[in-house]
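In the numbering used here, the protein residues as written are 4 to 536.
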């Protein structure tokens, strides 16, 4: 197959898809005006700008329509802007809050398509292929999405195209109407290729001002003068290449929806409907012989906002009461209550992660399966109430360094069978202490023997006389972590000689000498690493 045939085949495959681009040109300002009304009102009246510190100067990052009409531009220093307009309302940039707001908008747009992705800066990209018929056509879908966001108080622009790149460019750079989509794309300025300011200036100096001007030139000539990136961007914009869309959320194993002709204003009724959906999801999982490990419920409000709830389980489950028990725990633990506002008009339940779940016969298993389920249910409830990272479980790690031989991970995570190695024989003294200090605590050695343990040491302002000891047990550093022939840091670069010692009061300690005399350190330090029972 030659290159021309491949381009045509790719073009035909891409032509079957449709994309809707949504752009929020004043997103940081809209976020403050809608989400922080008290801060917005405290600044008085006048044009609003968002500023950030760039190269030691405060510069304008985002401006509202009124500030742009006054001739202010992004990148201008705040001092110059105040000289032109003293009544500016100035707000500090908060990229993390803007990102969170955009992600919430992306979750809300999941009502139109499961393939919704972030399109920075301040944009969303929706793959609406196969979804437009639910809204009486793609134009009606685009109008409904834009009007819903505008009713919420957001400034939004939208555009439809056969590729994500073309939709992005038309949404941001299109001016005026065109005969068709291809003509509109070819009328776009070269900045729509997103090659950078320097490349755009170089193209304009060469007399290439629009996408159509570039499309009229041979690809080999463009690649030789402006690089292959320019040709790739041009082909993607014209639909001759394909760049896959990365949706914010992957396609789930099971997806259920309930749409309501009239928005419901009762959270209790919404949870009751969700329980019916959980029972249906459990039946589907049972047909596959699976159970869900993660469940995500999204409450779509009629004003465009979406409230996602996510729960995780330490074992696969498909029992609706167990799922809803965790959902209600999550709802009660929310810092902001689940407010229906003007009502929920759609509910969605997805199962992003599912694992095999075989039937069990509790009577024949001696109750072991029931005990595991009870412990797992307790872990799930505690993780919901206290937080995912607060309830942890120790997992073994392949490392001979004592403090690195285990990992504390969230208890709801599944990492397969746990193998802690061979157990000691009954009656043997423990080789490792029950309580381990991380990091080890330094001790002051008062009397020591050059290759032996200290006879007397001070720890926490108390002097301990050593009466018995065992050792040394030598633990070498992890040489494979060396960089350019030298170990990465001192903690892994010195040998440790461990001793199990007992003081005059019968208390046992696990101590080590950090470094070999002469070879690694002239005066090695001593540390206490653990306490025996």
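Don't be surprised by glycine CBs; every beta carbon is placed ideally from N, CA and C.
{"Asked": "Locate the beta strand (DSSP E) running through residue 434, then write down its first and last residues.", "Found": "Taken as a continuous stretch (DSSP letters only), residue 434 belongs to no beta strand (DSSP E), as it is neither H nor E."}
{"Asked": "Please tell me whether residue 163 and residue 141 are closer than 8 angstroms, where the distance is taken between their beta carbons.", "Found": "yes"}
{"Asked": "With C-beta atoms as the reference, is residue 288 less than 8 angstroms away from residue 350?", "Found": "no"}
{"Asked": "Kindly list the residues whose CB is nearer than 8 angstroms to the CB of residue 134, restricted to its own chain and excluding five residues on each side of it in sequence; keep chain order.", "Found": "115, 116 and 144"}
{"Asked": "Where does residue 34 fall in DSSP's three states?", "Found": "helix"}
{"Asked": "Taking C-alpha atoms, which residue in 304, 315, 510 and 311 lies nearest to residue 296?", "Found": "315"}
{"Asked": "Considering only C-alpha positions, which residue in the set 274, 347, 345 and 319 is nearest to residue 335?", "Found": "274"}
{"Asked": "For the 8 angstroms Cβ check, are there 3 or more pairs between the segment 72–88 and the segment 280–287?", "Found": "no"}
{"Asked": "Taking C-alpha atoms, which residue in 375, 270 and 380 lies nearest to residue 326?", "Found": "380"}
{"Asked": "Given residue 386, which residues of its chain have a CB within under 6 angstroms of its CB, disregarding the five upstream and five downstream residues?", "Found": "394 and 415"}
{"Asked": "Per DSSP, what kind of secondary structure is residue 188 in: helix, strand or coil?", "Found": "helix"}
{"Asked": "Thinking residue 30 and residue 105 are a contact (beta carbons under 8 angstroms), I'd like their distance in whole angstroms, please.", "Found": "7 angstroms"}
{"Asked": "Pick out whichever of 506, 20, 500 and 522 has its Cα sitting closest to the Cα of residue 462.", "Found": "506"}
{"Asked": "Assuming residue 37 and residue 111 are in contact, meaning their beta carbons sit under 8 angstroms apart, how far apart are those beta carbons, in whole angstroms?", "Found": "Between residue 111 and residue 37 the Cβ distance is about 13 angstroms, and since that is not below 8 angstroms, they are no contact."}
{"Asked": "Would you mind reading off the limits of the alpha helix (DSSP H) that contains residue 288?", "Found": "270–291"}
{"Asked": "Under the DSSP definition of a beta bridge, which residues are partnered with residue 500?", "Found": "477 and 516"}
{"Asked": "Assuming residue 443 and residue 530 make a contact with CB atoms under 8 angstroms, what is their CB distance in whole Å?", "Found": "4 angstroms"}
{"Asked": "DSSP three-state label for residue 490, please.", "Found": "Below a pLDDT of 50, predicted positions are generally treated as unreliable, and residue 490, at 37, falls in that range; the measurement from the model is reported next regardless. Reduced to three states, the DSSP call for residue 490 is coil."}
{"Asked": "Would residue 533 pass as a contact of residue 439 if the rule is Cβ separation under 8 angstroms?", "Found": "yes"}
{"Asked": "Using the C-alpha atoms, what's the distance from residue 108 back to residue 269?", "Found": "23 angstroms"}
{"Asked": "Assuming residue 318 contacts residue 330 under a Cβ cut-off of 8 angstroms, what Cβ separation, rounded to an integer in Å, is found between them?", "Found": "Actually they do not touch by this definition, with Cβ atoms about 17 angstroms apart."}
{"Asked": "Please say whether residue 397 and residue 407 have beta carbons closer to each other than 8 angstroms?", "Found": "no"}
{"Asked": "DSSP state of residue 84, grouped into three classes?", "Found": "helix"}
{"Asked": "From which residue to which residue does the beta strand (DSSP E) around residue 399 run?", "Found": "395–399"}
{"Asked": "May I have the straight-line CA-CA distance separating residue 196 from residue 204, to the nearest angstrom?", "Found": "12 angstroms"}
{"Asked": "Are the beta-carbon atoms belonging to residue 188 and residue 173 less than 8 angstroms from one another?", "Found": "yes"}
{"Asked": "How is residue 235 classed by DSSP in three states: helix, strand or coil?", "Found": "helix"}
{"Asked": "In terms of residue numbering, what span does the beta strand (DSSP E) encompassing residue 257 cover?", "Found": "257–267"}
{"Asked": "State the start and end residues of the unbroken beta strand (DSSP E) segment that holds residue 537.", "Found": "Nothing in the structure corresponds to residue 537, since the chain is present only between 4 and 536."}
{"Asked": "In whole angstroms, give me the CA-to-CA distance for residue 388 and residue 501.", "Found": "41 angstroms"}
{"Asked": "Per DSSP, residue 162 is paired with what?", "Found": "24"}
{"Asked": "May I ask you to check if the CB of residue 170 is nearer than 7 angstroms to at least one heavy atom of the ligand HEM?", "Found": "As far as ligands go, the structure on display features none, and thus does not contain the ligand HEM."}
{"Asked": "Skipping 5 residues on each side, what residues in its chain have a beta carbon closer than 6 angstroms to that of residue 92?", "Found": "46, 49 and 51"}
{"Asked": "Compute the beta-carbon to beta-carbon distance between residue 127 and residue 118, rounded to the nearest angstrom, for a pair I have assumed lies under 8 angstroms.", "Found": "Not a contact, Cβ separation roughly 11 angstroms."}
{"Asked": "Exposed or buried, residue 272, counting other C-beta atoms within 10 Å across all chains shown (16 or more means buried)?", "Found": "exposed"}
{"Asked": "From the DSSP output, read off the bridge partner residues of residue 362.", "Found": "In the DSSP output, where bridge partners are listed per residue, residue 362 has none listed."}
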